[in-house]
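Comments concern the structure below.
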Amino acid sequence: MDKHQEFRQQVRQWLRDNCPVSMRTPAAEDEQIWGGRHIEFQSREQQQWFERMRDKGWFAPDWPIEYGGGGLDRKQAAILNQEMTRLQCRPPQLNLGIWMLGPVLLEFGSEAQKQEHLPRMARGEIRWCQGFSEPNAGSDLAGLQMKAESDGDDYIVNGAKIWTSYANKSDWIYALVRTDPKAAKHDGISLLLIDMTSPGIEAKPIELISGESHFCEVFFENVRVPKANLVGEVNGGWSVAKRLMQHERAAIANFGGESESPYVLHQLAKEYIGEHQGRIADPVIRDQVVSIDINEKAFALTLRRTMEEAKQGAGNGAATSIFKYCSTEQQKQKGELLLKILGNRALGWEGDDYSDQELAITRDWLQSKTLSIGGGTSEIQLNIIAKRVLGLPA
Ligand SMILES: Cc1cc2nc3c(=O)[nH]c(=O)nc-3n(C[C@H](O)[C@H](O)[C@H](O)COP(=O)(O)OP(=O)(O)OC[C@H]3O[C@@H](n4cnc5c(N)ncnc54)[C@H](O)[C@@H]3O)c2cc1C
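Position one of the sequence shown corresponds to residue 3 (this note's numbering), numbered consecutively onward.
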């Protein structure tokens, strides 16, 4: 047995012994645990699972041990991932720090930044949010205006961010700021790490069409940020941001994996539309269900293979846009089909006339519309694929 096979056996056993059975099903949104200063566990098992994974360093399995990671090589980290999927283990915590900022700090951060921030991310102690978009800078992100002016050892930050997910619940924000207003738009941008408790920051929630409210507007008024919190070169933030967005797209594509969805299409179709000789009664719906099932399966396998290849090679690159595009468009199609299956049972919004699942499907359908916008719209992903993956002219 080679060392990776041996490792697989050990991981499999460890997960069997340490992942509570109740943590082996997809987590509904209100059961997800986000790392941070104010974690609230809903059960003893949830806390145990969080603490056991944290103590192994497996929130960030392939980060170096000195920064709080698990010190696994890329192949071992891929094995851990596969074994968790096999046992259907829930992610023990969700954290933008682990998915997006951490890998960028490992690549571009100063030693002091790595030591200050990575171990706290790897222990799930700090919740991060992303301050990129502004009212006039979404797809055209490089048009951002929030400014950071030099003042001795600090920057003074003024401006506003919008669509900042969970800013009101986050401990820190990584934000793109304009440090040189005279430079060409891509050349005057820097990435700053900002403590959300700094005086002058206000996060205001915005209500969404689905009834949820995880978006915020964030206002910055004369916020003092130490220059030590600048990531990479001053005015060199665009390269750092592009890298960070590749990690973001990989993470979003990963959420679309088949194990994440709580709905089993063919069961629901049989329940709502009816069954004929063990098959979904309506042949058109049957065809659509099978088509989505096959696409999901093919997507999950391709994603897994590519992620593993990326872990063994250069990491996430521009091709993550392909996955982000396919995964989010597919989830929207699935939302549409679920609605068709439910028929008039999908007309509910709240109250006792509809089951919890029916209400959730309707709300998820609306929520699915946001997936191909967050992290860069589908049109922008297609532009990136055309230019950076296929090498077509601009
Ligand atoms: C669920 C969700 C979570 C988000 N979380 C965050 C967050 O945490 N932090 C953050 O900073 N932002 C966040 N965002 C904001 C998100 O990044 C932006 O909404 C997105 O980049 C699009 O920008 P916009 O809304 O300004 O739309 P616009 O840029 O105004 O685009 C409007 C339309 O024009 C199209 N378009 C624009 N330019 C082009 C072009 N060059 N070619 C073709 N079509 C084009 C777009 O595709 C879109 O259909 C989130 C958004 C969503 C939906």
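Ideal Cβ placement from N, Cα and C applies to all residues, glycine included.
Is residue i a contact residue of ligand 1, with contact defined as CB to any heavy atom under 7 Å?
i: cysteine 1; result: Past the edges of the chain, shown from 3 to 396, lies residue 1, and the structure says nothing about it.
i: lysine 334; result: no
i: threonine 322; result: no
i: tryptophan 174; result: no
i: phenylalanine 134; result: yes
i: threonine 372; result: yes
i: glutamate 360; result: no
i: lysine 163; result: yes
i: glutamate 381; result: yes
i: glycine 37; result: no
What is the rounded straight-line gap between the Cα of residue i and the Cα of residue j?
i: histidine 249; j: glutamate 223; result: 30 Å
i: lysine 184; j: lysine 336; result: 46 Å
i: glutamate 260; j: alanine 302; result: Residue placement at glutamate 260 cannot be trusted, given a pLDDT of 46 that sits under 50; the coordinates are not used to answer.
i: aspartate 284; j: phenylalanine 43; result: 43 Å
i: lysine 171; j: leucine 96; result: 13 Å
i: leucine 340; j: valine 225; result: 46 Å
i: threonine 108; j: glutamine 12; result: The sequence shown places leucine at residue 108, not threonine. Whole-angstrom Cα-Cα distance: 28 Å.
i: alanine 342; j: isoleucine 282; result: The sequence as given places lysine at residue 342; alanine does not occur at that position. Distance between the alpha carbons of lysine 342 and isoleucine 282 is about 14 Å.
i: serine 45; j: valine 23; result: 12 Å
i: arginine 307; j: glutamine 78; result: 14 Å
i: phenylalanine 9; j: phenylalanine 325; result: 29 Å
i: valine 106; j: valine 233; result: 9 Å
i: proline 66; j: leucine 74; result: 8 Å
i: isoleucine 386; j: alanine 162; result: 27 Å
i: serine 293; j: glutamate 209; result: 34 Å
i: alanine 19; j: isoleucine 203; result: Rather than alanine, the amino acid found at residue 19 in this sequence is aspartate. Going from the Cα of aspartate 19 to the Cα of isoleucine 203 covers about 44 Å.
i: tryptophan 351; j: leucine 270; result: 19 Å
i: aspartate 142; j: methionine 3; result: 52 Å
i: leucine 361; j: alanine 348; result: 7 Å
i: arginine 56; j: glutamine 279; result: 49 Å
Taking the alpha helix (DSSP H) that residue i belongs to, which residues open and close that run?
i: glutamate 331; result: 322–344
i: proline 105; result: 104–110
i: glutamate 273; result: 267–275
i: tryptophan 16; result: 5–20
i: glutamine 383; result: 380–386
On the DSSP letters alone, give me the boundaries of the beta strand (DSSP E) that residue i sits inside.
i: valine 220; result: 217–228
i: alanine 362; result: It is not in any beta strand (DSSP E) - alanine 362 instead sits in the alpha helix (DSSP H) that spans 358–373.
i: glutamate 352; result: Run containing glutamate 352: none; DSSP gives neither H nor E here.
i: proline 235; result: Inspection of the sequence shows that residue 235 is occupied by glutamate rather than by proline. Premise fails: glutamate 235 is in no beta strand (DSSP E) and is neither H nor E.
i: lysine 206; result: 203–208
Here's a check: name, in chain order, each residue in its chain whose Cβ is nearer than 8 Å to the Cβ of residue i, leaving out the five neighbours to either side.
i: threonine 168; result: Rather than threonine, the amino acid found at residue 168 in this sequence is tyrosine. Excluding positions up to five away in sequence, the list reads Trp36, Arg129, Cys131, His216 and Cys218.
i: methionine 25; result: Glu47, Gln48, Trp51, Cys91, Arg92 and Pro94
i: serine 380; result: Tyr327, Thr330, Glu331 and Ser374
i: threonine 240; result: In the sequence as presented, threonine is not what sits at residue 240; that position holds tryptophan. Counting only Cβ-Cβ distances below 8 Å, and skipping sequence neighbours, we find Ala144, His188, Asp189 and Ile191.
Kindly list the residues whose CB is nearer than 7 Å to the CB of residue i, restricted to its own chain and excluding five residues on each side of it in sequence; keep chain order.
i: asparagine 164; result: The amino acid at residue 164 is misidentified as asparagine; the sequence shows isoleucine. Once the five neighbours on either side are set aside, the close Cβ partners of isoleucine 164 are Ser135, Glu136, Pro137 and Glu219.
i: alanine 396; result: Lys389
Does residue i have its Cβ less than 8 Å from a Cβ in chain B?
i: threonine 322; result: Of the chains in the structure shown, none is chain B; there is only one protein chain.
Which whole runs of the beta strand (DSSP E) in the segment 115–201 are 3 residues long or more, in chain order?
-> Runs of the beta strand (DSSP E) inside the segment 115–201: 130–133, 149–153, 156–163, 174–180 and 191–197.
Length at least 3, wholly inside the segment 27–76: the beta strand (DSSP E) runs in chain order = none
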